[in-house]
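Student: Below you'll find the structure I mean.
Protein chains: 2
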Amino acid sequence: MAPRWKGRGCEAKALVDPMSMIIHQLQRSLSESNSCGLLSGHSVLLEVTAEQIQVLNRSCFGRPVITAEKNTLWFQLGLEEAFYLCHSLNCLTVKDSNDGPVSPPELWNYAVSVKPEFPILYKAYSHLRAKNWVVRPGSQYGVDFVAYRHHPALVHSEYAVLALLHGDDESSESNGRLRVWSDILCTVRLCGSVAKTLLVIYINRNGHDPSSPGCLDGYTVQERTIRRWNPEQCREGEGQPLPQPRPQLSAENAST
Amino acid sequence: MAPRWKGRGCEAKALVDPMSMIIHQLQRSLSESNSCGLLSGHSVLLEVTAEQIQVLNRSCFGRPVITAEKNTLWFQLGLEEAFYLCHSLNCLTVKDSNDGPVSPPELWNYAVSVKPEFPILYKAYSHLRAKNWVVRPGSQYGVDFVAYRHHPALVHSEYAVLALLHGDDESSESNGRLRVWSDILCTVRLCGSVAKTLLVIYINRNGHDPSSPGCLDGYTVQERTIRRWNPEQCREGEGQPLPQPRPQLSAENAST
Chain A
107 MAPRWKGRGC EAKALVDPMS MIIHQLQRSL SESNSCGLLS GHSVLLEVTA EQIQVLNRSC
167 FGRPVITAEK NTLWFQLGLE EAFYLCHSLN CLTVKDSNDG PVSPPELWNY AVSVKPEFPI
227 LYKAYSHLRA KNWVVRPGSQ YGVDFVAYRH HPALVHSEYA VLALLHGDDE SSESNGRLRV
287 WSDILCTVRL CGSVAKTLLV IYINRNGHDP SSPGCLDGYT VQERTIRRWN PEQCREGEGQ
347 PLPQPRPQLS AENAST
Chain B
107 MAPRWKGRGC EAKALVDPMS MIIHQLQRSL SESNSCGLLS GHSVLLEVTA EQIQVLNRSC
167 FGRPVITAEK NTLWFQLGLE EAFYLCHSLN CLTVKDSNDG PVSPPELWNY AVSVKPEFPI
227 LYKAYSHLRA KNWVVRPGSQ YGVDFVAYRH HPALVHSEYA VLALLHGDDE SSESNGRLRV
287 WSDILCTVRL CGSVAKTLLV IYINRNGHDP SSPGCLDGYT VQERTIRRWN PEQCREGEGQ
347 PLPQPRPQLS AENAST
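For the record, the sequence lines run as chains A and B. So for the first sequence, the working numbering puts the first residue at 107; every next one is plus one. So for the second sequence, the working numbering puts the first residue at 107; every next one is plus one.
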């Protein structure tokens, strides 16, 4: 499925302003100001300057929080976003409500304690972000994330993303998705109706214990897209070459 | 959600021709002709007369099979449908490919061997059929069944039905649906987009072993509908009474 740009010129705008550069600007801006977020429940709150709001918005990290304070502007980062800025981009520090510093390993342990599936979700999130996809929450479509080729103002999200365990761990976890046909049919139909491709990020823990962020290096990732196969589209057309039949569950690489 | 009749007069037509009467006619027609189906894979094939085709179509059991034989007409029944006609309506016998008779307990064991989830699916199927809902396969919508108030020619299906284990058994089965929020969100969104309500038939086996159809009497059934709660619809309107807030997962009775 081709990317669905939101209007004329959007693709050109995206080309001259690549997401990798925007992320680089965000990294520099947060580093230079020694940004420090406040850990609060399932999110990290960040007091921001007007310039930082712009670059956070452009890179699609977090969302602005409306408060009663007139001169202070806050951004709310999800745990995956905060940990990506702390650990992968190394441009954010975090403190707890007593103003005590929270190191990346401490933030990791906190995230795992409030959200046991955090290691798997984070591995999928960071895997896509590292490839310069814009990754946002996917609960609206009943998936873990949605992935955009560039800013959501320019393009519709292309992938509905599920992060699932694979390999030896698979059978030990009873709560995953896509274990019965009805779930696969349901998810693929919903994705089709909102013009997205279902992208499953299978994560193999290779026996690594998720007790510290170091486990992430031991995790391996497989990307699979799952689509409905339409026999109508595979019929011999007039003057057209005969398309190759494709399996119903097609495994394709989803990298940029 | 109100039933969506397919045109003017459809509701009146359904009222004067209740499904209970149609099922009664089917039962009489099959009994009088000593109908005997042929067990074949995941279905039962039934040689039918023109009159029986009509009443099978009106009651929505099975589907016609196109064959090369000119003077013979066949209907293909799913395992739930065949067992319902054999066991609940007692108007069909079944034989195997060697012309040997297959008793209802033998048919039960065969169905469980080729489809381990058969006891749960059949309990849900028979529960809805006994209440005169028309029950058809739901794979198109990623669910186990869809349920119609009357014939699909007159009315759209109202419920997308999932049959799930409940009670003590629940944790022992790792393959069910609706165990994670993303699956619930996905299923509810898809049902909403096709104007159906998600009906979950929770079945508690109460420790009964599914080794014979006798276990069905020991199974208990709970019906739950799951819908998205829309806060917009709960706002105070002009001149309207303030609607009561409803929980996001509402439990309602889905009987006729």
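Glycine is no exception: its CB is placed at the ideal position from the N, C-alpha and C atoms.
Could you tell me if Gly184(A) is buried or exposed, where buried requires 16 or more neighbouring beta carbons within 10 angstroms of its beta carbon?
Tutor: buried
Student: Can you give the Cα-Cα distance for Gln133(A) and Trp335(A), rounded to whole angstroms?
Tutor: 42 Å
Student: So, are the CB atoms of Leu136(B) and Gln158(B) less than 8 Å apart?
Tutor: Contact flag set, yes.
Student: Which bits of chain B does Val249(A) rub up against, with CB to CB less than 9 Å?
Tutor: Ser288, Leu291, Cys292
Student: Give the list of continuous alpha helix (DSSP H) stretches no shorter than 4 residues that lie fully inside the stretch 132 to 215 of chain B.
Tutor: 156 to 165, 185 to 189
Student: For a contact defined as C-beta to C-beta under 9 Å, what are the partners of Leu296(A) on chain B?
Tutor: Those within 9 Å of Leu296(A) in chain B are Gly248, Cys292, Thr293, Arg295, Leu296, Ser299.
Student: Taking the beta strand (DSSP E) that Leu291(A) belongs to, which residues open and close that run?
Tutor: From DSSP, Leu291(A) is part of no beta strand (DSSP E) but of the alpha helix (DSSP H) over 287 to 299.
Student: From what residue to what residue does the beta strand (DSSP E) around Val122(A) run?
Tutor: Where Val122(A) is concerned, there is no enclosing beta strand (DSSP E), although the alpha helix (DSSP H) it sits in stretches over 116 to 122.
Student: Listing by chain order, which chain A residues have their CB less than 9 Å from the CB of Ser245(B)?
Tutor: Trp287, Ser288, Leu291
Student: So which residues of chain B does Arg283(A) contact, with C-beta pairs closer than 7 Å?
Tutor: Val286, Ser288, Asp289
Student: Let me know if Ser146(A) comes out buried or exposed under the rule of 16 or more other beta-carbons within 10 Å of its beta-carbon.
Tutor: exposed
Student: What does DSSP give as the partner residue(s) for Val261(B) in the beta ladder?
Tutor: According to DSSP, which records beta bridges pairwise, Val261(B) is partnered with Trp111(B).
Student: Below 8 Å between beta carbons: does that hold for Ala266(B) and Val252(B)?
Tutor: Taking a C-beta distance under 8 Å as the contact criterion, Ala266(B) and Val252(B) qualify as a contact pair.
Student: Under the three-state reduction of DSSP, which class applies to Val327(B): helix, strand or coil?
Tutor: strand
Student: Using a Cβ-Cβ cut-off of 6 Å (strictly less than) and excluding sequence neighbours within five positions of Trp239(A), which residues of its own chain qualify?
Tutor: Ala253
Student: Please classify Asp315(B) as buried or exposed, where buried requires at least 16 other C-beta atoms within 10 Å of its C-beta.
Tutor: exposed
Student: Helix, strand or coil: how does DSSP classify Leu234(B) here?
Tutor: In the structure shown, Leu234(B) falls within a helical segment according to DSSP collapsed to helix, strand and coil.
Student: Between which two residues does the beta strand (DSSP E) holding Asn310(B) run?
Tutor: 303 to 310
Student: Just checking my contact of His148(A) with Val241(A) at CB under 8 Å: how many whole Å lie between their CB atoms?
Tutor: Their Cβ separation, rounded to whole angstroms, is 17 Å, which puts His148(A) and Val241(A) out of contact at 8 Å.
Student: Assuming Ser288(B) and Ser245(A) form a contact by the criterion Cβ under 8 Å, report the distance between their Cβ atoms to the nearest whole angstrom.
Tutor: 7 Å
Student: Mind checking which residues open and close the beta strand (DSSP E) that includes Arg242(B)?
Tutor: 240 to 243
Student: If you draw a straight line from the C-alpha of Tyr216(B) to the C-alpha of Gly113(A), how long is it?
Tutor: One C-alpha to the other measures close to 57 Å.
Student: Express the C-alpha separation of Leu234(A) and His130(A) in angstroms, rounding to a whole number.
Tutor: 16 Å
Student: For Asp250(B), count neighbouring Cβ atoms within 10 angstroms of its own Cβ and tell me buried if that reaches 16, exposed if not.
Tutor: When all chains shown are included, Asp250(B) counts as buried.
Student: Straight-line CA distance for Thr199(A) to Tyr190(A)?
Tutor: 11 Å
Student: Can you list, in chain order, the residues of its chain with a C-beta nearer than 8 Å to that of Ser280(B)? Leave out the 5 residues immediately preceding and following it.
Tutor: Annotation note: pLDDT 44 at Ser280(B) (below 50); position unreliable, coordinate value reported separately. For Ser280(B), where only same-chain residues beyond five positions count, there are no Cβ hits under 8 Å.
Student: Using 10 angstroms around the beta-carbon of Pro353(A), count the other beta-carbons present and answer buried if the total reaches 16, otherwise exposed.
Tutor: Residue placement at Pro353(A) is poorly supported in this model, since its pLDDT is 40, which falls under 50; the coordinates still yield a value, given next. With fewer than 16 other Cβ atoms within 10 Å, it is exposed.
Student: Give me, in chain order, the residues of the same chain whose beta-carbon lies closer than 7 Å to that of Tyr228(B); leave out the 5 immediate sequence neighbours on both sides.
Tutor: Glu186, Phe189
Student: Within its chain, find whatever has a CB closer than 8 Å to the CB of Ser126(A); leave out the 5 residues flanking it on each side and keep chain order.
Tutor: Asn238
Student: Who are Tyr254(A)'s beta bridge partners in DSSP?
Tutor: Val240(A)
Student: Anyone know if the C-beta pair for Ile309(A) and Ala230(A) falls short of 8 Å?
Tutor: yes
Student: Am I right that Val154(A) and Leu179(A) are in contact with their C-beta atoms under 8 Å? What's the rounded C-beta distance?
Tutor: Correct: roughly 5 Å between the Cβ atoms.
Student: Go through its chain and collect everything with a Cβ distance to Leu284(B)'s Cβ below 6 Å, but skip five positions before and after it.
Tutor: Ile290
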